[in-house]
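Residue numbers (this note's numbering), protein chains in the order written: chain A, 1 to 372; chain B, 373 to 724; chain C, 725 to 808.
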């Protein structure tokens, strides 16, 4: 068992598709919350092989995409300072703030570096005691333990030249916000497998109960995604709403308790803005009081930077499945993958970017070759 | 990971003045410059044209069409598993000529050295260039060296330009793909890019992967002797297979479809891509080519490729179609399809 | 979000007072922080995200899923075969 190729088996995928076609009798709108799942769906062409009644709505689960413009502008301001080594995950470099991105700051002389792990940034701080090393701490609950460990270790090592610009976001409040929306269309959720590996599944029970919505914890390989969809459709077709775990090999109900203990020490819950959506109450983490010294927003006094999101962008409605990407007036005009206005055009897996790419193909294709 | 080129045993044929590193004077046109040429470049790159040490090389070329190409090489780190910047600079330009069906004949070499570059490293790079040139049967006929201040370069930048002779009857160009043609790849993809990433500062990982850096003109000659009417040849370097197929699709105004399950992706390349969130079709190669050939020639060309050591794992990955011109579509292993686009910029490790 | 891939723990050691290890991903080896999987041992599989092991993989659950997939769609296929 290597836990990889086994879950990419084309023959088993064919069986799952056959099962899905057999059990689906009515139209269902299902949101995959996680950008990793969206990636898998598009990368493998899963969406084209599903029964036509199943509509997948690509959710707000890409931390790069939902990081608010204001925070990116703060990152750009910090990264441009001569004493700073600004460290970020690779995804974040291309995300535009108001008019420029981290690549541009780098080209203008900013010391911007890509790291694979937040601990690499801690090592950079150790190796460069005369420089200020700032790590762009973005991510959902999955990434939070890694970022927390970096701050914890910096404190243990007494590193005064390390700080973190934190923009952590949480999945359950986002699901609640989507369900609270008066024009919500989402009928079920595929919950993000790796988020649940860390946090467990208990936080989703109240959501299932309050909104009577099926939530199925789902993995990322093609068979995992198909099994998540299958279990969701079974519930929908039977009029049920339960919390189900289709990714049991990696997710325990209680989650990773060791990691949760660290998170409780390093972070505290806060309101957080989501690009294209706006502020969702209690939907993020910031550094807790005992780690406030490591907060880059405080250290570099960028709290006063305030940025308005583009009024042209309708990505919030796209994320909630209310608008197809090409129904947005800015789609393909002011907003393209090279000049993205909102979250959904930023990432190549974002709903708008995927639509933009695929649209080029579908418009030109006479026959519907993508269906089996 | 010890396959990074070892230059500890390199010794200068005639000791240069006691500098262990490059100093500004090595590019100043004085005695230090002359010593570099006389003791390092000239012996390594020995050719009649170079020995003449004139202001320009004088070449004897046959009548007919010439291919002429130039490319500059910047790579970090300079030495990586399977090669170094020197081998890359020679093979890169040799391959650009070969992709037009030309027989590579002459190269020129321009070097920008950064003050402080260890002379031993320069020696190892020059030696690799000489060995690559010899293996590719090309002469290095002219060269130039400049030195820039420390901090103004990554050790060394190399430009190579090359001239090759195109045999009569060969008409290869990126706009020649036609619907019905077959898409061939000469072997496993992603090796060079993953080898570089595995030793890139801050990203280091252990990988049983070495760069595929190699000169492809011999393989091309073998293919052309099997069938003269090859439509397109391209080496999928930066941007990988995806960029190359997109360029061909756009220039030829055709669609291209390939089967993902037929792509030769080494296990370690697939694993590294999974880990970094990258796609093997976006990873650079330095010793592979894509051939677009008429369907009735595909078997003959493929057979000729497989008989050549650099094409032993050559395979048919897809076809050219009239639909969706300019767009490349992959058929996925589970039977779906997706549009394969070029990367906007450099490929970066993802977390999401 | 959250690119995480399975790998096998090959080696466990301490660095800066933190539990670290070498994890193998089908031939690729990478240094990984194991602080959040204190119970994991050499030979076990884990999911790694940004250089951190976030959970231990459970083989029995994985086998159970695969067994379930084997049974999927078989009935539909038999019916389809009879019709065609």
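C-beta: ideal position from N, C-alpha, C; glycine also.
>> At the level of alpha carbons, what is the spacing between residue 765 (chain C) and residue 561 (chain B)?
In response: Residue 765 (chain C) sits at position 41 when you count from the first residue of the third chain. Residue 561 (chain B) sits at position 189 when you count from the first residue of the second chain. Taking C-alpha positions only, residue 765 (chain C) is separated from residue 561 (chain B) by approximately 34 Å.
>> Quick check for students: name the residue ranges of the beta strand (DSSP E) that lie wholly in the region 148-178 of chain A, counting only runs of 3 or more.
In response: Within the region 148-178 of chain A, complete beta strand (DSSP E) segments of at least 3 residues are found at 162-169, given in chain order.
>> Output needed in chain order: residues of the region 566-577 of chain B with a Cβ under 7 Å from some Cβ in chain A.
In response: The region 566-577 of chain B vs chain A, Cβ under 7 Å: 574, 575.
>> Rounded to the nearest angstrom, what separates residue 166 (chain A) and residue 476 (chain B) at their Cα positions?
In response: Along the first chain, one-based indexing puts residue 166 (chain A) at 166. Along the second chain, one-based indexing puts residue 476 (chain B) at 104. Going by the C-alpha atoms only, they are around 55 Å apart.
>> Just list the residues that DSSP pairs residue 753 (chain C) with in beta bridges.
In response: For the purposes of this step, residue 753 (chain C) is taken as residue 29 along the third chain, with counting starting at 1. According to DSSP, which records beta bridges pairwise, residue 753 (chain C) is partnered with B:578, C:748.
> Which value, in whole angstroms, describes the spacing of the CA atoms of residue 222 (chain A) and residue 32 (chain A)?
Replying inline: Against the first chain, residue 222 (chain A) aligns to sequence position 222. Against the first chain, residue 32 (chain A) aligns to sequence position 32. C-alpha of residue 222 (chain A) to C-alpha of residue 32 (chain A): approximately 13 Å in a straight line.
>> On the CB-based measure, 16 or more other CB atoms within 10 Å of its CB, does residue 808 (chain C) come out buried or exposed?
In response: Here residue 808 (chain C) is taken as the residue at index 84 of the third chain, counted from 1. Residue placement at residue 808 (chain C) is poorly supported in this model, since its pLDDT is 48, which falls under 50; the coordinates still yield a value, given next. So residue 808 (chain C) ends up on the exposed side.
> Which residue's Cα is closest to the Cα of residue 720 (chain B): B:655, B:490, B:485?
Replying inline: Your numbering for residue 720 (chain B) matches position 348 in the second chain. When C-alpha distances from residue 720 (chain B) are compared across B:655, B:490, B:485, the shortest belongs to B:655.
>> Check whether the region 601-611 of chain B and the region 693-709 of chain B are in contact - that is, three or more C-beta pairs closer than 8 Å.
In response: No, they do not touch.
> Over what stretch of residues does the alpha helix (DSSP H) that includes residue 199 (chain A) continue unbroken?
Replying inline: Within the first chain, residue 199 (chain A) is the residue found at index 199, counting from 1. It spans 193-199 - the alpha helix (DSSP H) in which residue 199 (chain A) sits, taken as one unbroken run.
>> If I measure Cβ to Cβ from residue 485 (chain B) and keep anything under 6 Å in the same chain, skipping five residues before and after, which residues do I get?
In response: In the second chain, counting from the first residue as 1, residue 485 (chain B) sits at position 113. Cβ neighbours of residue 485 (chain B) beyond the five flanking positions: 394, 519, 528.
> From residue 543 (chain B) to residue 595 (chain B), what does the alpha carbon distance come to, in whole angstroms?
Replying inline: Within the second chain, numbered from 1, the residue matching residue 543 (chain B) stands at position 171. Within the second chain, numbered from 1, the residue matching residue 595 (chain B) stands at position 223. Just so you know, the alpha carbons of residue 543 (chain B) and residue 595 (chain B) end up roughly 14 Å apart.
> Along chain E, which residues have their Cβ under 9 Å away from the Cβ of residue 716 (chain B)?
Replying inline: In the structure shown, chain E cannot be found, because the protein chains are A, B and C.
> Identify the residues that DSSP records as bridge partners of residue 113 (chain A): which are they?
Replying inline: The residue given as residue 113 (chain A) occupies position 113 in the first chain. Looking at the DSSP assignment, residue 113 (chain A) forms a beta bridge with A:87.
> Is the CB of residue 461 (chain B) under 8 Å away from at least one CB in chain C?
Replying inline: Locating residue 461 (chain B) in the second chain gives position 89, counting from the first residue. No, because no Cβ of chain C sits closer than 8 Å to the Cβ of residue 461 (chain B).
> Does residue 48 (chain A) come within less than 8 Å of chain C when only Cβ atoms are used?
Replying inline: Residue numbering aside, residue 48 (chain A) sits at position 48 when the first chain is read from its first letter. For residue 48 (chain A), the nearest beta carbon of chain C is not closer than 8 Å to its own beta carbon.
> Run through DSSP, which three-state label would residue 768 (chain C) get?
Replying inline: On the third chain, residue 768 (chain C) is found 44 positions in, with the first residue counted as 1. For residue 768 (chain C), the secondary structure class from DSSP, reduced to helix, strand or coil, is coil.
> Is the beta carbon of residue 772 (chain C) less than 8 Å from the beta carbon of residue 729 (chain C)?
Replying inline: Along the third chain, read from residue 1 onward, the residue named residue 772 (chain C) stands at position 48. Along the third chain, read from residue 1 onward, the residue named residue 729 (chain C) stands at position 5. Yes. Within cutoff.
> Under 9 Å Cβ-Cβ, which residues of chain A neighbour residue 778 (chain C)?
Replying inline: Translated into the one-based positions of the third chain, residue 778 (chain C) becomes position 54. Per Cβ cutoff of 9 Å: 142, 145, 146, 194, 197, 198, 250, 256, 259.
> CA-CA distance, residue 422 (chain B) and residue 566 (chain B)?
Replying inline: Sequence index remark: in the second chain, residue 422 (chain B) carries index 50 (1-based). Sequence index remark: in the second chain, residue 566 (chain B) carries index 194 (1-based). Distance between the alpha carbons of residue 422 (chain B) and residue 566 (chain B): 36 Å.
> Would you say residue 808 (chain C) reaches chain B, if we count a Cβ-Cβ gap shorter than 8 Å as a contact?
Replying inline: Mapped onto the third chain, residue 808 (chain C) falls at position 84. Confidence at residue 808 (chain C) is low in this model, with a pLDDT of 48, below 50, so the placement of that residue is unreliable and no value is reported for it.
> Using a beta-carbon distance cut-off of less than 9 Å, what residues from the region 740-759 of chain C approach chain B?
Replying inline: Listed by position along the chain: 746, 748, 749, 750, 751, 752, 753, 754, 755.
> Can you name, in chain order, every residue of its own chain whose Cβ lies under 8 Å from the Cβ of residue 180 (chain A), other than the five neighbours on each side?
Replying inline: On the first chain, residue 180 (chain A) is found 180 positions in, with the first residue counted as 1. The answer is none, since no qualifying residue turns up.
> Roughly how far, in whole angstroms, is the beta-carbon of residue 751 (chain C) from the beta-carbon of residue 539 (chain B), given that I think they are within contact range, below 8 Å?
Replying inline: If you number the third chain from 1, residue 751 (chain C) lands on position 27. If you number the second chain from 1, residue 539 (chain B) lands on position 167. Not really, about 42 Å apart at Cβ, beyond 8 Å.
>> Using 8 Å as the threshold, is the C-beta distance between residue 693 (chain B) and residue 551 (chain B) below it?
In response: Within the second chain, residue 693 (chain B) is the residue found at index 321, counting from 1. Within the second chain, residue 551 (chain B) is the residue found at index 179, counting from 1. In this structure, residue 551 (chain B) lies closer than 8 Å to residue 693 (chain B) by Cβ.
> Quick one: does residue 774 (chain C) have its CB under 8 Å from some CB of chain B?
Replying inline: Along the third chain, read from residue 1 onward, the residue named residue 774 (chain C) stands at position 50. Interface residue, yes.
>> Quick check: the Cα distance between residue 131 (chain A) and residue 309 (chain A), rounded to an integer number of angstroms?
In response: Position 131 of the first chain holds residue 131 (chain A). Position 309 of the first chain holds residue 309 (chain A). Going by the C-alpha atoms only, they are around 32 Å apart.
> Sorted by chain position, which residues of the same chain lie with C-beta nearer than 7 Å to residue 413 (chain B)'s C-beta, five sequence neighbours on each side aside?
Replying inline: Here the question's residue 413 (chain B) lines up with position 41 in the second chain. The beta carbon of residue 413 (chain B) sits closer than 7 Å to those of 498, 515, all from its chain and outside the five residues before and after it, given in chain order.
> So which residues on chain C does residue 36 (chain A) lean against when the C-beta distance must stay under 9 Å?
Replying inline: Residue 36 (chain A) sits at position 36 when you count from the first residue of the first chain. Chain C residues near residue 36 (chain A): 725, 726, 727, 728.
>> Among the candidates A:13, A:10, A:37, A:26, whose CA atom is the shortest distance from the CA of residue 220 (chain A)?
In response: As a first step, residue 220 (chain A) must be located in the first chain, where it is residue number 220. Distances from the CA of residue 220 (chain A) to each of A:13, A:10, A:37, A:26 were compared; the closest alpha carbon is that of A:37.
>> Closest to residue 69 (chain A) by C-alpha separation, out of A:103, A:111, A:96, A:260, would be which residue?
In response: The residue you call residue 69 (chain A) lines up with position 69 of the first chain. Across the set A:103, A:111, A:96, A:260, the C-alpha of A:96 shows the shortest separation from the C-alpha of residue 69 (chain A).
> Considering residue 326 (chain A), what are the terminal residues of the beta strand (DSSP E) in which it resides?
Replying inline: Counting from 1 along the first chain, the entry for residue 326 (chain A) is found at position 326. Neither: residue 326 (chain A) is in no beta strand (DSSP E) and is coded neither H nor E.
> Thinking C-alpha only, which one of B:622, B:465, B:676 is nearest residue 530 (chain B)?
Replying inline: Within the second chain, residue 530 (chain B) is the residue found at index 158, counting from 1. Minimum Cα distance to residue 530 (chain B) is reached at B:465.
> Roughly how many angstroms lie between the CA atoms of residue 745 (chain C) and residue 734 (chain C), to the nearest whole one?
Replying inline: The sequence position of residue 745 (chain C) within the third chain is 21, counting from 1. The sequence position of residue 734 (chain C) within the third chain is 10, counting from 1. If you take the alpha carbons of residue 745 (chain C) and residue 734 (chain C), they lie about 7 Å apart.
> Just how far apart, CA to CA, sit residue 366 (chain A) and residue 695 (chain B)?
Replying inline: Counting from 1 along the first chain, the entry for residue 366 (chain A) is found at position 366. Counting from 1 along the second chain, the entry for residue 695 (chain B) is found at position 323. Because residue 366 (chain A) sits at a pLDDT of 38, beneath the cut-off of 50, its placement in the model cannot be relied upon, and the following sentence gives the value as read from the coordinates. Distance from the CA atom of residue 366 (chain A) to the CA atom of residue 695 (chain B), rounded to whole angstroms, is 8 Å.
>> Restricting to Cα atoms, I'd like to know which of B:600, B:678, B:653 is closest to residue 666 (chain B).
In response: Taking the second chain and counting its residues from 1, one reaches residue 666 (chain B) at position 294. B:600 is the residue among B:600, B:678, B:653 whose C-alpha sits nearest the C-alpha of residue 666 (chain B).
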